[in-house]
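Trainee:
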Amino acid sequence: MSLATKTPPAPASPPTYHSPKPPLWAVIVKWAALALVVVVAFYLATRLADEGYGLYIVILAIVVMAVLVVYSTRRSIPMKYLLPGLILLLGLQVWPIIMTVSTAFTNGQTITKAETITAIERNSVREVAGAPRYKLSIAVKEGSDVATGNLFFLLTSPDGALKVGDEKGLSDLPADGVVKTDSGKITKAPGFTVLNARQINARKDLATFAVPSTDGSGIKAVGLSEAFEGRATVTYDEASDTLKNTATGQVYVVKDARFVPQDGKGQAFPQKWVENVGFKNFQTILTDSSIRSGFLKIFAWNIAFAALSVITTFILGMLLALLFNDERLKGKSYYRALLVLPYAIPGFVTSLLWASMFNQDYGLVNSLTHLDVDWLGNPWAAKAAILIANLWLGFPYMFLITTGALQSIPSDVREAAKIDGAGPARTLRSIIMPLLLVAVGPLLIASFAFNFNNFSLVYLLTGGGPFDSDNTSIGNTDLLITYAFRLAFSGTSPDYGLAAAVSIIIFFIVAIMSYAGFRRTASLEEVN
Amino acid sequence: MSTEPASLAAPAATTIRAKTAHGTATTAQGPRGLGRSVWWRHGLAVVALIWALFPIVFLISAAFNPSGTLNSAELIPKSFSMSNFDTLFNDPARPFTTWFKNSLLVAFIGAFGQVFIGACAAYAFSRMRFKGRRGGLLSLLLLQMFPALLTFVALYLMFAKIGDIIPALGLNTVLGLGLVYLGGAMGANVWLLKGYFDTVPRELDEAAKVDGASHARIFFTMILRLTMPILVTTFMISFIGLFSEFLLASIFLQDVSSQTVGVGLYSMSIGNEKNRLFGQFAAGALLCSIPVVALYLSVQKQIVGGLTTGSVK
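Just so you know, the protein sequences line up as chains A and B, in that order.
Heads up: the first sequence begins at 255 in our numbering, then just goes up one per residue.
Heads up: the second sequence begins at 12 in our numbering, then just goes up one per residue.
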């Protein structure tokens, strides 16, 4: 087709559009893609059904219907361009926000109570005297990852029958293509990858894995090549909502989303399940004395860090921009190219590099200045270290934007100031600075909001540390986001609920700050 | 980190033009009173350069320092060797080439997807009139106020489950991480791209329509070509940003062989061996900085232009 830029102007009457006929190959590609979507969706639906996610099948169906309606009909042309982004936006940004909010009102566990009970019961399977022993091979489905794929037991019963079991139950294994050793252990079965000893040892989930068979009993592995059928020694009584250990007679009751011994003696079961706790997480932040004082400390430092970062980088960047704002200065472009290098280097490199430069014993900073400051071990020195590193990596940005803003200040304004008798200092203070601040103001707010959540700088430079000996969960340079990260992803008991609550608090703080910048955004009124 | 403020600020930047610039972007005269000579400016500029460059010089000399430990690293090296690079490429416990490939792959998938999806949406917002258009644009802007980063707990739990259903997209996979990065595709660039798309005359579309071109044909063969400069720029900005992303990468990628450069280099710089591994770390840090710096310098003009004058609007 021609771009038609040179064609004479269209006739005065509104142009009559030919109904466009897409080329054959485009039609084929389109329908093939739609067919592929349906096939993939079917496969996903079966996988979802296997794993028991009913709700998600409905969501999947709605998404597929939307795709089919939008792309197979001629209606709603804008939607054809918006749908992919919209699906990703809803699924990966809006949905996680909703999930974060709902996690903040739970105790942060990930499994349900029913799953917990099943796991405890299965885990308690003990061998009954005289029960049959199977020859065992441990396998995963062919094509799935040996380290993470669902486990399968390939079993040969004492009478030679072949069985396959997973976490749902036991079924017969077709004998075709199965290779066994003399002892009866299966070494090969079509559709399965048999794990070797090293791979089995790497599977930590094997310890709690059992194939359920009839009423409460299950098949568990003993060693690598034998399995027994045994009985669950712990049973759940729905009426009283208790667990009972039939071997010891111990009764367990529900307390704090887990089962604890009724008489208080002995150990509780480690598994916890998800439970709504209302505003408890927020309450903890506001009332728990150790968390509250730490939280306020973090909050104060977080604000100070973001504000000081913006102020220091802006002052240095602006001074440099004023310095270079002289057309008589030769070689400006070379200076500029070199000065922006700190900003161009990936942030993680900068943070890690400064971390080693601040090393007390061998670091460059101490050896150049002949100081012996414990930069990363002293609370105040660590704060200074972070600000210095952030000054280094942030000033080129401020240099660039002030340079741009300075160049866009009309020269007649300066002329007018000069005619009115203003000296250079007065011009700078009364003319240039106000104009400059108006121009870069929104960018300073954006920079503040960014630094407020500058995770990678703090995490990679100090890790939030140094930590006081009396409170090891809250570091002296922690930002709210590194604190939330530590709550969720380090230590033995991740508290996703509290971490999500902290995230929501950050949400609100950032939203309030952004609102200020948002109101100044003239583009809001310019949507056209 | 380099691009975050840029993407956040892009819409905000348009105020500037309205308030100050009138296209008279002439370089302003320096204040006369400070003397006719400029030597003192050169003097201060050199001080600024020393401040800006000494860590980089230190990184380079550490990378080429033969002894390769932190305590022997110096600002000005006494000898030169490639031994750090040799160890870097031959360390089976720390597969730098794999990390590098992972980083490139995930940044490419993310950036390409972001630009393509952003361009599609910008085409709709710029060229079509439909119900909910204004509302859609504004809610995109609002949604951008909430850093996607903050939902990391939910994303982690979500992808742990997705991994059960589709192992290829779960935790520990580069594809899964790339998918997460695509979540921000709509918000990140649509405003910027729409502004540029608006500058392409609508008469071109009309003419093509008269010639019988469908909307898809106009988009793929005309609009995408005419807006190629801004598409390339946004691609590079996204690429740099995703290449440097650390938080999500560090929680998603736990296996050594699936990590990105950032996560891998971090694992080299913690623990007891950080002193011994410093030369190797410096070599790796230098290697992964070079492409990013090169990309950045090539788009620097557009970034600054877009930020300060709102010229893309």
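All C-beta atoms, glycine included, are put in the ideal place defined by N, C-alpha and C.
Values in this document were obtained by computation on a predicted structure and should not be read as measured data.
How about Ile487 (chain A) and Arg380 (chain A): do their beta carbons lie closer than 7 Å?
Mentor: Counting from 1 along the first sequence, the entry for residue 487 (chain A) is found at position 233. Counting from 1 along the first sequence, the entry for residue 380 (chain A) is found at position 126. The sequence given here places Thr at residue 487 (chain A); Ile does not occur at that position. Yes, they are a contact pair.
Trainee: Rounded to a whole number of angstroms, what is the C-alpha to C-alpha distance between Lys417 (chain A) and Ala481 (chain A)?
Mentor: Position 163 of the first sequence, counted from the first residue, corresponds to residue 417 (chain A). Position 227 of the first sequence, counted from the first residue, corresponds to residue 481 (chain A). If I take the Cα positions, the gap works out to 12 Å.
Trainee: In whole angstroms, what is the alpha-carbon distance linking Ala264 (chain A) and Ala218 (chain B)?
Mentor: As a first step, residue 264 (chain A) is located in the first sequence; it is residue number 10 there, counting from the start. As a first step, residue 218 (chain B) is located in the second sequence; it is residue number 207 there, counting from the start. At Ala264 (chain A), the pLDDT of 43 sits below 50, so the modelled position is not reliable and the matter cannot be decided from this model.
Trainee: Give the residues of chain B in contact with Gly419 (chain A), contact being defined as C-beta atoms less than 9 Å apart.
Mentor: One-based indexing of the first sequence puts residue 419 (chain A) at position 165. Chain B residues near Gly419 (chain A): none, gap ~19 Å exceeds 9 Å.
Trainee: I want to see whether chain A comes within less than 7 Å of Ala159 (chain B), judged by CB atoms only; does it?
Mentor: What you label residue 159 (chain B) is simply residue 148 of the second sequence in a count that begins at 1. Yes, Ala159 (chain B) lies at the interface with chain A (some Cβ there is under 7 Å from its Cβ).
Trainee: Could you say which of B:Leu116, B:Ala135, B:Pro77, B:Lys142 lies nearest to Lys89 (chain B) if we only look at CA atoms?
Mentor: The residue labelled residue 89 (chain B) in the question sits at position 78 within the second sequence. Nearest option by C-alpha distance: B:Pro77.
Trainee: For His624 (chain A), count neighbouring Cβ atoms within 10 angstroms of its own Cβ and tell me buried if that reaches 16, exposed if not.
Mentor: Locating residue 624 (chain A) in the first sequence gives position 370, counting from the first residue. His624 (chain A) comes out exposed.
Trainee: Below 8 Å between beta carbons is the criterion; list the residues of the region 554–574 of chain A that meet it against any residue of chain B, in chain order.
Mentor: Cβ contacts with chain B: Leu574.
Trainee: Return the bridge partner residues of Phe513 (chain A) from the DSSP annotation.
Mentor: The sequence position of residue 513 (chain A) within the first sequence is 259, counting from 1. In DSSP, Phe513 (chain A) forms a bridge with A:Val508.
Trainee: Are the C-beta atoms of Tyr307 (chain B) and some chain A residue less than 7 Å apart?
Mentor: Here residue 307 (chain B) refers to the residue found at position 296 when the second sequence is read from its first residue. Taking Cβ atoms only, chain A reaches closer than 7 Å to Tyr307 (chain B), which makes this a yes.
Trainee: Bridge partners for Ala393 (chain A) per DSSP, in chain order?
Mentor: As a working note, residue 393 (chain A) is residue 139 in the first sequence. Bridge partners of Ala393 (chain A): A:Phe406, A:Val448.
Trainee: Considering only the beta carbon of each residue, do Ile281 (chain B) and Ala196 (chain B) sit closer than 7 Å?
Mentor: The count along the second sequence starts at 1 and reaches residue 281 (chain B) at position 270. The count along the second sequence starts at 1 and reaches residue 196 (chain B) at position 185. No, they are not a contact pair.
Trainee: Find the nearest neighbour of Ser268 (chain B) within the set B:Ala74, B:Ser83, B:Thr109, B:Ser92, judged by alpha-carbon distance.
Mentor: In the second sequence, residue 268 (chain B) corresponds to position 257, counting from 1. It is B:Thr109.
Trainee: Would you please state the rounded distance, in angstroms, between the beta carbons of Phe107 (chain B) and Leu115 (chain B)? I believe it to be under 8 Å.
Mentor: Position 96 of the second sequence, counted from the first residue, corresponds to residue 107 (chain B). Position 104 of the second sequence, counted from the first residue, corresponds to residue 115 (chain B). Going by Cβ atoms, the distance from Phe107 (chain B) to Leu115 (chain B) rounds to 12 Å, so no, they are not a contact pair.
Trainee: Could you check whether Leu314 (chain A) and Val324 (chain A) sit closer than 7 Å to each other, using their CB atoms as the reference points?
Mentor: Residue mapping note: residue 324 (chain A) aligns to position 70 of the first sequence, counting from 1. Residue mapping note: residue 314 (chain A) aligns to position 60 of the first sequence, counting from 1. Not closer than 7 Å, so no.
Trainee: Starting from Thr657 (chain A) and walking both ways along the alpha helix (DSSP H), at which residues does that stretch end?
Mentor: Sequence index remark: in the first sequence, residue 657 (chain A) carries index 403 (1-based). From DSSP, the alpha helix (DSSP H) with Thr657 (chain A) extends over 633–661.
Trainee: Could you pull out every residue in the same chain whose Cβ sits closer than 6 Å to the Cβ of Tyr769 (chain A), ignoring the five residues on either side in sequence?
Mentor: Within the first sequence, residue 769 (chain A) is the residue found at index 515, counting from 1. Once the five neighbours on either side are set aside, Tyr769 (chain A) has no close Cβ partner at all.
Trainee: Residues of the region 186–198 of chain B in Cβ contact with chain A at a cutoff of 8 Å, in chain order, please.
Mentor: Taking 8 Å as the Cβ-Cβ cut-off against chain A, the residues of the region 186–198 of chain B that qualify are Leu190, Val191, Leu193, Gly194, Gly195, Ala196, Met197, Gly198.
Trainee: Kindly indicate which residue of A:Ala501, A:Ile759, A:Val694, A:Ala742 has the alpha-carbon position closest to the one of Leu540 (chain A).
Mentor: Locating residue 540 (chain A) in the first sequence gives position 286, counting from the first residue. Leu540 (chain A) has its Cα closest to that of A:Ile759, out of A:Ala501, A:Ile759, A:Val694, A:Ala742.
Trainee: Give the residues from the region 606–617 of chain A that approach chain B closer than 9 Å (Cβ to any Cβ), ordered along the chain.
Mentor: Answer set for the region 606–617 of chain A: Leu606, Leu607, Trp608, Ala609, Ser610, Met611, Asn613, Asp615, Tyr616, Gly617.
Trainee: Which residues does DSSP pair with Gly472 (chain A) in a beta bridge?
Mentor: The sequence position of residue 472 (chain A) within the first sequence is 218, counting from 1. Beta-bridge pairing links Gly472 (chain A) to A:Pro466, A:Gly484.
Trainee: Along chain B, in chain order, which residues have C-beta atoms closer than 9 Å to that of Ser398 (chain A)?
Mentor: The residue labelled residue 398 (chain A) in the question sits at position 144 within the first sequence. Here the neighbours are Pro178.
Trainee: Rounding to the nearest angstrom, what Cα-Cα distance links Pro412 (chain A) and Ala401 (chain A) in this structure?
Mentor: Residue 412 (chain A) sits at position 158 when you count from the first residue of the first sequence. Residue 401 (chain A) sits at position 147 when you count from the first residue of the first sequence. Roughly 29 Å separates the two Cα atoms.
Trainee: How many Å lie between Thr617 (chain A) and Asn82 (chain B) at the Cα?
Mentor: Translated into positions along the first sequence, residue 617 (chain A) becomes position 363. Translated into positions along the second sequence, residue 82 (chain B) becomes position 71. For clarity, residue 617 (chain A) is Gly in the given sequence; the question names Thr instead. Distance between the alpha carbons of Gly617 (chain A) and Asn82 (chain B) is about 7 Å.
Trainee: Among the residues of its own chain, which have a CB less than 6 Å from the CB of Ala415 (chain A), if the five just before and after it don't count?
Mentor: As a first step, residue 415 (chain A) is located in the first sequence; it is residue number 161 there, counting from the start. Same-chain partners within the cutoff: there are none.
Trainee: Alpha carbon to alpha carbon, how far is Met572 (chain A) from Leu593 (chain A)? Give it in angstroms, no decimals.
Mentor: The count along the first sequence starts at 1 and reaches residue 593 (chain A) at position 339. The count along the first sequence starts at 1 and reaches residue 572 (chain A) at position 318. Answer to the nearest angstrom: the Cα atoms are 13 Å apart.
Trainee: Any idea what DSSP makes of Tyr277 (chain B), helix, strand or coil?
Mentor: Taking the second sequence and counting its residues from 1, one reaches residue 277 (chain B) at position 266. Three-state DSSP puts Tyr277 (chain B) in a helix.
Trainee: From the DSSP output, in three-state form, read off Leu574 (chain A) for me.
Mentor: On the first sequence, residue 574 (chain A) is found 320 positions in, with the first residue counted as 1. Correct three-state label for Leu574 (chain A): helix.
Trainee: Asp459 (chain A) versus chain B: which residues are under 7 Å apart at the beta carbon?
Mentor: On the first sequence, residue 459 (chain A) is found 205 positions in, with the first residue counted as 1. Correct list: empty, because the minimum Cβ distance to chain B is about 12 Å.
Trainee: When you compare only the Cα positions, how much space is there between Ala171 (chain B) and Leu302 (chain A)?
Mentor: Here residue 171 (chain B) refers to the residue found at position 160 when the second sequence is read from its first residue. Here residue 302 (chain A) refers to the residue found at position 48 when the first sequence is read from its first residue. The straight-line gap from Cα to Cα measures roughly 14 Å.
Trainee: Quick one: measure Cβ to Cβ for Leu459 (chain A) and Leu405 (chain A), integer angstroms, because I've assumed they're closer than 8 Å.
Mentor: Along the first sequence, read from residue 1 onward, the residue named residue 459 (chain A) stands at position 205. Along the first sequence, read from residue 1 onward, the residue named residue 405 (chain A) stands at position 151. The residue you asked about is not Leu; residue 459 (chain A) is Asp in the sequence shown. Yes, they are in contact, since the Cβ atoms of Asp459 (chain A) and Leu405 (chain A) sit about 7 Å apart, within 8 Å.
Trainee: Measuring only the C-alpha atoms, how far is Phe123 (chain B) from Val185 (chain B)?
Mentor: Against the second sequence, residue 123 (chain B) aligns to sequence position 112. Against the second sequence, residue 185 (chain B) aligns to sequence position 174. Taking the straight line from one Cα to the other gives about 15 Å.
Trainee: Cβ closer than 8 Å: which chain A residues qualify as neighbours of Arg52 (chain B)?
Mentor: Translated into the one-based positions of the second sequence, residue 52 (chain B) becomes position 41. Going along chain A in sequence order, the residues near Arg52 (chain B) (Cβ under 8 Å) are Leu577, Phe578, Asp580, Leu583.
Trainee: In terms of DSSP beta bridges, what is Gly419 (chain A) paired with?
Mentor: Here residue 419 (chain A) refers to the residue found at position 165 of the first sequence. DSSP, once it has assigned bridges, lists A:Phe407, A:Leu424 as partnering Gly419 (chain A).
Trainee: Rank A:Ala575, A:Ala591, A:Arg582, A:Phe578 by C-alpha distance to the C-alpha of Val304 (chain B) and give the top, closest one.
Mentor: Stepping through the second sequence from its first residue, residue 304 (chain B) is reached at position 293. Considering only alpha carbons, the answer is A:Ala591.
Trainee: Identify, in the order they occur along the chain, each residue of the same chain with its Cβ nearer than 7 Å to the Cβ of Leu689 (chain A), setting aside the five sequence neighbours on each side.
Mentor: Here residue 689 (chain A) refers to the residue found at position 435 of the first sequence. Cβ within range, chain order: Ile663.
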